[in-house]
Structure formats: structure tokens, C-alpha cells
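Chains as they are written, first to last, in full-length UniProt numbering: chain P, 1 to 346; chain Z, 1 to 346; chain U, 1 to 346; chain E, 1 to 346.
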């Protein structure tokens with residue numbers, strides 16, 4: 001009953017198999033390995049973007065911070081949701097990598113609206129050099145509250161950015177979960193909507209630790225490579241990053257894994273709903289924010305269930321007090337585990 | 001015949017086995033996994049340092065830059081050899097992570113001498129705020145030219161640093177190769193000599209990508225953790241870093257690997273010497289800087305040997321022109337490969 | 001009729017006289033000039049803080065950014081109003097000087113309340129290394145909307161900061177204007193309330209360009225000196241900064257200047273009120289945010305009045321449309337000018 | 001007998017007069033003052049560069065660090081003499097402002113030679129992303145050892161830079177002293193030779209604290225303005241910077257001041273030579289590095305002469321021991337003072 005995060009589960013068999021297979025003989029270091037050729041081709045094909053440049057790093061924060069740094073000058077603003085991962089969970093890495101750019105937060109409990117983004121952009125960049133310049137827009141897909149922007153919503157947000165001539169970054173730590181939720185193509189969710197650079201997550205959906213950064217504008221390639229090395233994120237034995245990503249993409253393993261995670265989350269949601277639980281946000285991918293009585297939380301904890309309390313109060317309070325929790329289904333969760341979890345609501 | 005680098009070979013069987021074994025079920029992320037407990041205990045035991053704090057990152061540059069940043073204020077100088085890895089091969093990562101500290105180079109073709117270090121330190125920090133402050137000393141062991149500081153030499157360098165009350169960092173990307181070359185203990189090569197923090201390399205000697213940063217002063221723990229996350233070097237699925245290091249240390253695999261690499265390098269050196277080659281530096285670990293005729297280089301290249309030319313001229317010139325090369329033996333190189341390589345000298 | 005800003009007026013006669021007097025012979029550079037001794041003693045006396053360390057820089061942004069950098073680690077949050085000068089008008093200088101600290105904004109149209117500050121702090125620093133650490137609180141006195149925190153309010157804000165063990169910075173670009181508005185002592189407005197470091201403004205209130213940074217904790221001295229030089233804010237011919245500040249403080253010239261500015265602002269407010277203008281914030285020092293009909297704006301502009309429109313619409317719209325303006329009285333404004341300005345309302 | 005530095009003397013009468021004249025009424029802040037228009041036109045005329053963009057800052061370190069930051073990416077190398085001011089006397093400001101670029105030092109006791117520069121550049125930028133990229137060349141004119149590059153030498157150094165497509169910065173903290181020493185035009189000493197950006201010093205040669213940064217490529221304007229504000233170097237009451245520079249340039253006051261300083265230095269050199277002193281570098285502008293017996297140093301110190309000892313030993317040693325000193329003549333030094341100084345050699 002492990003619902004704490006999709007960053008705590010195992011790697012996909014296809015990923016691990018490919019890593020093992022890669023562990024033979026010598027391979028050119030620093031991204032010149034042949035597996036990376038294969039990964040590059042695969043990602044270009046997936047994104048229908050034959051000119052795209054593709055790089056691998058090992059953490060989602062590295063992907064985001066490096067991608068943004070290529071678009072955000074130190075005197076610029078990065079526009080994002082106030083609950084974006086880059087704002088809440090990266091310990092100022094975007095500020096560090098950009099040399100001190102400022103995150104300008106769109107005031108929203110979850111998804112940004114085009115109107116909210118427009119209003120926020122409108123207030124910045126109007127004071128000459130005093131207030132700095134407008135910079136990139138960063139969109140988190142799946143959001144940190146488990147919501148998924150529709151393709152229409154992505155188009156609308158990008159249109160706002162483009163109306164100010166601002167580049168757009170997509171933090172796709174849960175890219176696959178969003179994709180299968182929407183049933184659209186990677187191209188529709190990115191460059192066709194107006195996205196310039198994507199953090200294409202692998203770690204949360206079944207890799208050991210690998211994320212791709214995909215630039216649709218090849219002109220950014222050299223700068224990224226220098227920033228990656230300077231940030232100490234260039235792997236010498238790069239084949240082990242390549243192999244993870246190759247195993248992740250091969251045969252659509254990534255889509256299967258996300259489909260499984262999302263379906264299990266839906267199964268969990270259905271069970272919770274039947275048990276009378278409330279939902280803070282309508283679950284759309286593999287994350288569930290739900291509220292139910294304290295005495296059930298207590299029962300689950302006693303039974304060894306692992307998940308993050310989203311509201312305090314577990315330690316004391318009325319047994320019927322409703323407390324929120326975040327439940328995340330990773331690719332490896334089973335319906336048996338979910339059934340066991342739900343059994344405590346009876 | 002792959003002698004290009006020890007960062008291009010495969011991982012040790014013990015490392016890969018442990019990584020595979022770790023790939024089951026859920027594990028707490030971000031370094032709270034149980035394998036990290038085991039690694040911490042093992043490294044403390046190896047270093048005879050029960051108070052040491054131990055962290056894992058995935059690249060040697062990350063280990064160096066983060067370790068140094070904990071000791072180098074932005075207005076300070078870091079003293080190192082002019083051929084140190086942090087100076088030559090990290091694309092300004094130390095400057096980036098420290099917020100702009102300056103590397104002050106000791107003018108030497110290879111190892112720093114206590115006199116040279118003293119002279120360099122003496123010229124800095126004498127201009128009040130104008131020239132900034134003296135900061136940490138960084139020693140590369142094995143050096144980038146394949147030399148190994150003796151324990152006496154390390155003691156003498158640290159004594160110079162301590163006479164100015166400066167902390168000492170040891171870049172041990174090839175820590176194991178140095179250790180087996182010296183036959184001393186890890187403690188003698190580090191804290192007993194006066195070293196404050198070590199980059200304890202795993203990648204070059206048989207891991208996929210993992211390095212430990214070992215602080216002998218536990219007071220640095222919190223700062224490192226924050227810097228690591230801010231630098232985007234904190235792994236969520238940290239168990240896969242832990243497992244590498246656990247497999248690396250288990251049963252002395254790391255020492256065996258380094259012993260093998262060093263012995264093979266010695267075997268290669270003996271063969272080269274017999275064939276009349278010269279040596280730029282006396283080989284002491286697993287790196288060989290040697291000079292031999294261009295026509296032999298040509299023959300080796302035609303036969304598919306891979307190594308770095310250290311001097312230009314391969315493309316044209318007199319057949320007997322002596323050209324230098326760097327040959328690195330990793331743990332997986334075989335005497336068969338070396339024999340094959342040497343056969344082209346006949 | 002110049003009400004654009006208090007940074008566009010001339011220097012006080014006492015300031016200019018002292019600068020002229022200082023222009024003779026040689027003087028030790030970099031702050032070792034004898035006038036600086038006098039300034040240091042004067043500021044310590046004014047603040048009743050014999051241990052305080054005092055430095056001069058030439059711009060308010062330098063004072064703020066350097067003072068904050070001494071208290072904000074790169075992985076920390078700085079708490080301030082969303083309309084603070086450090087947020088809106090310093091082009092990311094605080095982020096630059098701190099190495100990438102994040103400004104966390106208290107959502108308020110003007111002054112922070114203790115409750116608002118508490119709520120904001122409470123949401124940060126709760127995610128371990130992921131979200132970074134809580135850092136200093138910065139209070140702007142006079143606020144950018146012309147309001148003045150009472151001594152009680154300052155005490156309450158500092159108490160919130162201290163309850164989290166956080167240091168407090170006071171951006172006193174208009175320190176004198178606030179002081180004479182409150183009628184309290186500098187000590188009451190700073191260290192007695194719990195402020196750790198003050199940007200003590202001179203420029204806006206009658207200097208050419210000088211601000212003092214006053215640390216009540218002498219332990220910060222060395223770090224500030226190094227940061228100041230590294231930031232290129234250490235003047236060689238420092239006596240000309242010292243002389244400005246000496247002339248500013250001598251005989252209470254600074255208090256007279258602020259009193260004059262505040263009184264003239266009050267005079268302007270009275271006239272505007274009589275003319276039916278509205279006020280966005282109740283004016284408390286030398287800044288007036290007021291709203292009146294577009295046709296009067298037009299008349300004033302035609303007559304050469306200079307001030308910042310706070311709301312757009314001057315170019316077109318109904319003549320009776322109410323549009324906001326910011327009017328600032330500097331020390332040199334005259335009642336004649338104000339009368340002339342008000343005459344256009346008739 | 002004040003020969004410590006040309007940063008410790010008074011301001012020129014023409015400078016102070018203009019500052020006083022500027023102190024009336026209101027003026028647009030932040031560089032929009034009418035005097036800046038005049039300064040811009042004057043500097044463009046002086047440099048025969050009608051397209052040049054011109055900015056003012058208050059310190060030489062600010063001019064250098066900001067100018068370089070516009071040309072040096074964080075992952076690049078800045079090439080300069082190992083005794084350059086940016087290396088020795090700016091407390092890592094160039095590293096700070098550039099975001100961590102590395103200074104690569106040309107090993108020379110004073111002036112760089114084209115061969116030395118070429119050799120240094122040649123060793124960098126050859127390691128792909130590992131070693132970072134080659135960046136701007138910075139030339140100090142007058143050097144920190146009092147030497148002046150001839151126009152031919154400047155042309156040759158710039159030609160080396162241009163052969164690598166690298167931009168060139170000239171640190172002209174003593175621009176005027178070099179110019180009158182050479183008898184060439186400002187254009188010949190800068191853009192005609194291949195210089196892209198100049199720190200045009202005012203402070204050392206008779207201003208209170210002002211330096212111009214002159215870009216011959218107008219495309220750099222916007223970036224500089226943003227960097228200047230972000231660095232906290234944009235003055236609100238900018239007219240007082242403009243007025244200094246206007247008074248400095250008016251009627252050739254700057255050239256007269258430098259001529260006087262250089263002539264007095266030559267007079268001092270002649271006297272020293274006659275008295276048997278040695279010279280470490282052949283004096284060419286207003287700085288003199290000379291060696292004479294300790295007992296004369298002692299006599300001078302007892303008589304109140306102020307200058308920097310360049311070699312230790314004043315406190316003890318043989319009376320005849322030769323010790324070096326740095327003697328700097330500023331514009332205000334008089335032959336009487338020099339005669340008095342020289343009288344102690346008798």
C-alpha cells in the first residue's frame with residue numbers, strides 16, 4: 001500500500017533489461033554512445049520533430065532548471081503557477097541555474113488560466129530596467145495537483161505567451177501520464193501548441209533516473225551542452241542514461257506504464273468515491289487528492305499504508321474530522337494493493 | 001584495445017548485481033533508502049571515521065563542485081594545480097557552484113609541491129578586500145597526469161594549508177587507484193593527513209555513475225544537502241545510487257578493481273618500456289603518458305586502438321616523429337588486449 | 001511642478017557644501033578617510049548603537065541587495081510585501097547578490113500585517129530541502145505606497161520574524177520621512193523593534209547618491225566589506241560619499257529636509273482633498289496616491305506638471321474619468337509649486 | 001608627498017564646478033538627464049564613433065565587470081595578464097558579474113605579448129564542453145605596472161583575439177594617461193585597433209567617482225542597461241555622474257590633467273634616476289616602480305611621505321638594502337612636492 005510518490009517505485013523491466021544489456025565493453029562517453037543515437041531518433045519520431053535536439057539528464061530538477069536557463073536571462077521573470085514544481089520543490093534551482101531570474105507566480109490553486117497568465121504577464125516588464133524583463137512561461141503537465149491541461153488549454157496558454165513573444169517550457173515530469181489521459185499526440189501536447197522546450201520525464205514513470213530535455217529549436221543545442229556540463233549534469237558513462245531511456249521508450253513501455261498508473265488511480269478514485277471520500281481536485285492522471293475521516297487515516301497508517309498527509313491533524317482531533325491526503329499511483333501499483341487499501345474504509 | 005578513458009568501460013558485476021537486486025518494491029526516496037544506511041556505515045568504517053557524513057551524487061564534477069562550494073566563499077580563492085580536473089575539465093562548474101570563487105593555479109606540470117603551494121597562497125589574500133580572501137586547497141589524487149601523492153606529500157600539502165587555516169579538499173575521482181598504489185589506509189590518505197572533505201570516486205572504477213562526498217566535519221551536512229538539491233543533484237530514486245556504491249564497496253570489489261587496473265597499467269608500461277617508448281610522467285596508477293613514433297600510432301589506429309593523442313601530428317609528419325599519447329587502463333581491460341596493443345610495436 | 005520622484009531633485013546645500021569642502025588634498029581611499037570616522041560616530045549616536053557597523057554605498061538598490069545578501073543564503077526565501085521595492089524595482093538585484101534566493105511575497109496592497117507575514121512564512125520551509133529554507137524578512141519603511149508602519153506594527157512584524165528565528169532588514173530609502181512622520185527615535189524604528197540591518201537612505205532626501213548600511217550586529221562587518229567590493233560598490237574616493245552623509249546628518253539637516261517634504265505633501269493632500277480628489281492610500285509621508293478626473297490631468301500635463309500616472313487612460317477616455325497618479329514631494333518642493341499645481345483643479 | 005595612488009587626490013576644479021552647477025532644480029533620473037546627452041555626444045566625438053553607446057557608472061570595477069559580463073558567457077574564459085586589475089584587485093567581481101566565467105592568465109610580469117596571448121588562448125577551448133569556451137580578451141591600458149601598450153601592440157593583441165573571433169575589452173582606468181603618453185587618438189587606441197568595449201576612466205584622473213563604458217557595437221546597449229540596474233549601479237540622481245564626466249571632458253580638462261600627472265611622473269623619474277634609483281619597469285605614464293635603499297625609505301617615511309612599499313623589509317634589514325616602492329603621481333601633485341620628496345635622497 002505505497003502511495004507516497006511515483007518516485008519511490010522500481011524501474012520497469014524493459015528499462016532494467018536494457019541497462020543490463022548496455023553493460024558490456026567500452027562505449028564512447030558523454031553522450032556519444034550509440035544508444036543515444038537510438039534514443040534521439042526515437043524521441044524525434046515520437047514528437048514528429050526531426051530537427052529536435054535531445055539531451056538526457058538524471059533528475060527532473062536538472063531538466064527543468066537547465067531548460068529554463070536556456071530561455072531565461074538573469075534579469076527576466078519566469079511565469080508559472082504558484083504551485084509549480086519549479087516554485088515549490090526545487091530549492092531555488094531555477095534561480096541558481098538562470099543566474100537569478102525571478103519566478104512570477106500566477107495566483108491559482110492548480111492550473112493556470114489564460115486570463116490569469118495574461119494578467120500576471122501584463123503587470124511585469126512595464127517598469128523599464130527597474131522591474132526587469134518578461135521571460136519564459138513554464139507549464140507543469142500533469143500539474144502538481146494531479147490535473148491535466150487539455151490540448152485546447154495548452155494552446156490558449158501558449159497563445160498568451162506568444163502574444164508577448166515569450167518562449168514556453170513544459171515541465172513534463174509526468175508527461176506520459178498526461179499524454180495517455182488526453183489521448184493526444186506528443187506533438188499536439190507540445191510544439192503544435194506552441195511549446196519550445198520540454199522536460200520529458202522518465203524517472204517517475206519507470207526509469208531509475210533519467211529525463212530528456214527536448215528543444216524544438218536546434219539553435220539552443222550548444223548552449224544547453226555547455227550549461228549541462230557546467231551544472232555537473234553531463235554523465236561520463238552516459239550509455240546508462242541512454243539505455244534507461246531506450247528501454248523506457250521501446251515498444252511503447254512508457255505508454256503502458258502510464259496507462260497502468262492512470263487506470264489504477266481511476267480504480268482507486270472509484271473506490272474512494274464509493275466509500276464517500278471527497279476530492280480536492282478532480283483526479284485526471286495518477287495523483288489523487290482526497291479527504292476522508294481521521295479514524296480511517298489512522299487505521300490505514302496502522303496497517304502500514306504509506307502516503308502523504310495533505311492536511312495536518314492525524315495525531316489528534318475528532319475521529320470524524322476530514323483530513324486530506326495525496327495518493328499517487330506509480331506504474332507498479334497493483335489492484336490488490338488498492339483493494340487492500342480500500343478495505344480499510346469499510 | 002580501448003585505452004581512451006576509465007569512464008568508458010562497463011560497470012563491475014558486483015555493482016550491477018546490486019542495482020538489479022535493489023529494483024524491487026518501494027523504497028523511501030531522496031537518500032532515505034535503507035541501502036544508503038548500509039553505504040554510510042561502510043564508508044565510515046573504511047575511513048575509520050564514525051562521525052563522517054556521507055552523500056552520493058552521480059558525477060565527479062558534482063562531487064567536486066558541491067564539496068568545494070561548502071568551503072569556498074564567493075570572494076575567495078581555491079588553490080589547485082594548473083592541471084587539476086576542477087580547472088581544466090569542469091567547464092567552470094566550481095566557479096558556478098561557489099558563486100564565483102576564483103581558482104588560483106599552482107604553476108606545475110603535475111603534482112603540487114608544498115613550496116609551490118606555499119608560494120601561491122602567499123601571494124593571495126594580501127590586498128585586503130581588493131584581492132579577496134584565501135580559500136580551500138584542492139588536491140587531485142590520482143593527478144590528471146597519472147601521478148600519486150605519497151602520504152608524506154599529502155601531509156606536507158595539508159600542513160601548508162593548515163598553516164593558513166585553510167580547509168583541504170581531495171578530488172579522489174581515482175581514489176581507489178591511488179590507495180592501492182600507496183598501500184596505505186583511506187584514513188591516512190585523507191583526514192589523518194589533514195583533508196576535510198573527499199570526493200570519493202566510484203564511476204571511473206566500475207560504477208555506472210556514483211561518487212560519494214565524505215565530510216569529516218559533520219557540521220557541513222545541512223549545507224551540503226541544501227546545495228545538492230539546489231544544484232539538482234538529489235536523486236529521487238536514490239536507492240539506485242546507493243546500490244551502486246554498496247555493490248562497489250562490498251567484499252572489497254573497489255580495491256580489486258583498482259588493483260587490476262593499476263597492475264594492467266604496469267604491465268602496459270613494462271611492455272612500452274621494452275619497446276623503447278618514453279614516458280612524460282612516471283606512471284604510478286592506471287594512467288600512462290607515453291611517447292612513441294608516429295608510424296606506430298598510425299598502425300595502432302588502423303588496427304582500431306582507441307586512446308587520446310596528447311600531442312598533435314598524427315595526420316602528417318615524419319614516420320619516426322615521437323608523439324605523446326595518454327593511455328588509461330580501466331578495471332576491465334585485459335592482458336590480452338594489452339598484448340595485442342603492444343604487438344603493434346614489434 | 002515636479003512631483004515625479006524624490007530622486008530627481010537637487011542635493012541639500014549642507015550636503016553640497018560638505019562635498020566641496022572635502023575636495024582638497026589627499027585622503028585615504030576606500031573608506032579610511034577621516035570624514036567616514038565622523039559619519040560612523042554620527043550614525044552610531046543617532047541610532048544609540050555604539051557597536052553598530054556602518055558602510056556607505058551609492059545607490060539604494062546596492063544597500064538593499066548587499067544587506068540582504070549578508071543574511072539570505074542562496075537556498076533561502078526572503079519575505080516581503082508584493083509591492084516592495086526589492087521585488088518591483090530592482091531588476092532581480094536581490095536574487096543576483098544573494099546567489100539566487102527567492103523572494104516570497106506577502107499578498108497585500110501595501111503594508112504587511114503580522115498575520116499576513118506569519119501565514120506566508122508558515123507555508124515555506126516545510127518541505128525539507130525541496131522547498132529551501134526560510135530566510136530574512138524585509139520591511140519597506142516608508143512603503144512604496146507612501147504608508148508608514150507604526151512602531152507597534154514594526155514590533156509586531158519583527159516578533160513574527162523572531163518567532164521563526166529569522167533576521168529582519170529594513171529598507172529605509174525614505175527612513176527620514178518615516179521617522180519624522182512617526183516622531184519616534186531611530187532606535188525605536190529599528191533595533192529596539194527587532195531590526196537587524198537597515199538601509200538608511202540619503203539619496204532621496206537630499207544627497208547626490210549615498211546610502212548607509214547599518215548593521216547592529218558587528219559580526220557582519222567583514223562579510224559586508226567583501227561583498228561590497230565584489231559587487232563593485234566600494235568607492236576609491238570614498239570621502240565624497242562620506243562628505244555627503246556628513247553634510248546630510250550635520251545639524252539635523254536630514255530631519256529638516258524630511259519634515260519639509262512631509263509637510264508639503266500634507267499641504268498638497270489638503271489641497272487635493274478640498275478639490276475633491278480621492279486617495280488610494282492614506283498619505284502618511286511624502287508620497288501621495290490620488291485619483292482625479294482625466295481633464296484635470298490633461299490640464300496639468302499641458303501646464304508642464306511632471307508626475308507618474310498610476311493608471312492608464314490619459315491619452316483617451318471620458319473627461320470625467322477618474323485616473324490615479326503618484327505625486328512625490330521631495331525636500332526642495334515649494335508651496336508655490338504646490339499652489340500652482342492645485343490651481344489647475346479650480 | 002602623497003604618492004600612494006591616483007585614487008586619493010581631489011577632483012578637478014572643472015569637475016567640481018560642473019557638479020555644483022548641476023545642483024539646481026529637477027532633472028530626469030536614471031540617465032535621462034540633459035547633461036548625459038551632452039556627455040554622450042562628447043564621448044562619441046572624442047572617439048570618432050557616432051554610433052557608440054555610452055553609459056556611466058561610479059567605480060572602475062563596475063565598469064570592468066559590467067562591460068566584460070556583456071561579452072563573457074558563464075562558461076567562457078576571459079584572457080588577461082596575470083597582473084591585470086580585474087584579476088588582482090576586484091575581489092572576484094568579474095566572476096560574479098559574468099556568472100562564473102574564468103579568468104585565464106597570460107603569464108607575464110607586465111604587458112601581454114601577442115605571442116603570450118596566442119599561446120594562452122591556444123590551450124583553452126580545446127576540450128569541447130569540458131573546458132568551456134574561449135571568451136573575451138581584456139587589456140589594461142595603462143597596465144598595473146605603469147606601462148603603456150603602443151598602438152602597434154594593441155593592434156597586434158586585438159589581431160590575435162580577432163583571429164579566434166574573440167571580443168576585446170580595454171580597461172582604461174588610466175585611459176587619459178595612456179593617451180597622452182602615446183600621443184595618438186582615442187579611436188586609434190580603441191576601435192581602430194580592434195577594441196569592442198572600453199572602460200573609460202574618470203575617477204583616477206580627477207573625477208569624484210565616474211567611469212564611462214563605451215560600446216562600439218550599439219547592439220549591446222539593452223543588455224548593459226539591464227545588467228547595470230541588476231548590479232545596482234544605475235544612479236537615480238544620474239545628473240551628478242553626468243556632470244562629473246561633462247566637467248572632466250570640457251575644454252580638454254581630462255587631457256591636461258593626465259599630461260600634468262605624466263609630466264610630474266617623468267620629473268620624479270628623472271630625479272630618482274639622478275639619485276641612483278633603479279626601475280622595475282620603465283615608467284611610461286604616471287606610475288613609477290622604483291628601488292632604492294632602505295635608509296632612504298625610512299627617511300621618507302619619517303618625513304611623512306606616503307606611498308606603497310612594493311617589497312617588504314622596511315621594518316628591519318641592512319640600511320643599504322634595496323627595496324622597491326610604487327609611486328603614483330595624480331593630476332594634483334606639484335613639483336614642489338616632488339622636489340621635497342627627492343630632497344631626502346641627498
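Just so it is clear, CB atoms sit at the ideal spot from N, CA and C, and this is done for glycine as well.
{"Check": "Counting only the same chain and skipping the five closest in sequence on each side, list residues whose C-beta sits under 7 Å from that of residue 72 (chain Z).", "Outcome": "78, 98, 101, 135, 136"}
{"Check": "With distances taken Cα to Cα, identify the nearest neighbour of residue 175 (chain Z) among Z:92, Z:278, Z:20, Z:262.", "Outcome": "Z:262"}
{"Check": "Return the CA-CA distance between residue 27 (chain P) and residue 116 (chain E), expressed in angstroms with no decimal places.", "Outcome": "38 Å"}
{"Check": "Compare the C-alpha of residue 74 (chain P) against each of P:129, P:200, P:143 and name the closest.", "Outcome": "P:129"}
{"Check": "I'd like the span of the beta strand (DSSP E) that includes residue 158 (chain U), first residue to last.", "Outcome": "From DSSP, residue 158 (chain U) is part of no beta strand (DSSP E) but of the alpha helix (DSSP H) over 151–163."}
{"Check": "Could you check how far apart the C-beta atoms of residue 194 (chain E) and residue 168 (chain E) are, in whole angstroms? I think they sit under 8 Å.", "Outcome": "6 Å"}
{"Check": "Starting from residue 301 (chain U), trace the alpha helix (DSSP H) both ways and give me its first and last residue.", "Outcome": "294–302"}
{"Check": "Along the region 22–38 of chain P, what residues have a CB closer than 7 Å to any CB found in chain E?", "Outcome": "none"}
{"Check": "If we call anything under 9 Å between Cβ atoms a contact, is residue 6 (chain Z) one with residue 330 (chain Z)?", "Outcome": "yes"}
{"Check": "What is the DSSP secondary structure of residue 86 (chain E), counted as helix, strand or coil?", "Outcome": "helix"}
{"Check": "The alpha helix (DSSP H) with residue 353 (chain P) in it runs from where to where?", "Outcome": "Residue numbering for chain P in the displayed model covers 1 to 346; residue 353 (chain P) lies beyond these limits and cannot be assessed."}
{"Check": "Taking residue 285 (chain Z) as the query, report the chain P residues whose CB atoms sit under 8 Å from its CB, ordered along the chain.", "Outcome": "Those within 8 Å of residue 285 (chain Z) in chain P number zero; the least Cβ separation is about 18 Å."}
{"Check": "How is residue 204 (chain P) classed by DSSP in three states: helix, strand or coil?", "Outcome": "helix"}
{"Check": "Going by DSSP, name the residue or residues bridged to residue 18 (chain E).", "Outcome": "Answer by DSSP bridge pairing: none, since residue 18 (chain E) is not bridged."}
{"Check": "Leaving out five residues before and five after residue 217 (chain P) in sequence, what residues of the same chain have Cβ atoms less than 7 Å from its Cβ?", "Outcome": "196"}
{"Check": "Run through chain P and tell me which residues come within less than 8 Å of residue 231 (chain Z), C-beta to C-beta.", "Outcome": "93, 96, 231, 232"}
{"Check": "Since residue 75 (chain Z) meets chain E, which of its residues come closer than 8 Å, beta carbon to beta carbon?", "Outcome": "91, 92"}
{"Check": "For residue 212 (chain U), does the count of other Cβ atoms within 10 angstroms reach 16, so buried, or fall short, so exposed?", "Outcome": "buried"}
{"Check": "Which whole-angstrom value describes the C-beta separation of residue 146 (chain P) and residue 284 (chain P), a residue pair presumed to lie in contact below a C-beta threshold of 8 Å?", "Outcome": "6 Å"}
{"Check": "Look at the Cβ atom of residue 81 (chain U), then the Cβ atom of residue 253 (chain U), and state whether they are nearer than 9 Å.", "Outcome": "no"}
{"Check": "Could you name the residues of chain Z that residue 130 (chain U) contacts, counting a contact when the two beta carbons are closer than 7 Å?", "Outcome": "229"}
{"Check": "Answer with buried or exposed for residue 95 (chain P), where buried requires no fewer than 16 other C-beta atoms within 10 angstroms of its C-beta.", "Outcome": "buried"}
{"Check": "Counting pairs of Cβ atoms below 8 Å between the region 26–43 of chain Z and the region 52–59 of chain Z, do you hit three or more?", "Outcome": "yes"}
{"Check": "Verify the CB distance criterion: does residue 241 (chain Z) have a CB-CB separation below 9 Å to chain U?", "Outcome": "no"}
{"Check": "Could you confirm whether any beta carbon from chain U is found closer than 9 Å to the beta carbon of residue 323 (chain Z)?", "Outcome": "no"}
{"Check": "Note down, one range per segment and in chain order, each beta strand (DSSP E) of at least 3 residues found wholly within the region 51–98 of chain E.", "Outcome": "53–57, 76–81"}
{"Check": "Using 10 angstroms around the beta-carbon of residue 89 (chain U), count the other beta-carbons present and answer buried if the total reaches 16, otherwise exposed.", "Outcome": "buried"}
{"Check": "Could one say the Cβ of residue 101 (chain P) lies closer than 9 Å to chain U's Cβ atoms, at least one of them?", "Outcome": "yes"}
{"Check": "So, are the CB atoms of residue 286 (chain U) and residue 264 (chain U) less than 9 Å apart?", "Outcome": "yes"}
{"Check": "Would you kindly report the start and end of the unbroken beta strand (DSSP E) that includes residue 103 (chain P)?", "Outcome": "102–106"}
{"Check": "Quick check on residue 267 (chain E): does DSSP put it in helix, strand or coil?", "Outcome": "helix"}
{"Check": "Shorter than 9 Å from the beta carbon of residue 225 (chain U) to some beta carbon of chain Z?", "Outcome": "yes"}
{"Check": "Return the bridge partner residues of residue 139 (chain P) from the DSSP annotation.", "Outcome": "P:170"}
{"Check": "With DSSP collapsed to three states, give me the class of residue 24 (chain Z).", "Outcome": "coil"}
{"Check": "Evaluate residue 219 (chain Z) with the Cβ neighbour count: other Cβ atoms within 10 Å of its Cβ, from every protein chain shown; 16 or more gives buried, anything less gives exposed.", "Outcome": "exposed"}
{"Check": "Would residue 298 (chain Z) pass as a contact of residue 314 (chain Z) if the rule is Cβ separation under 9 Å?", "Outcome": "yes"}
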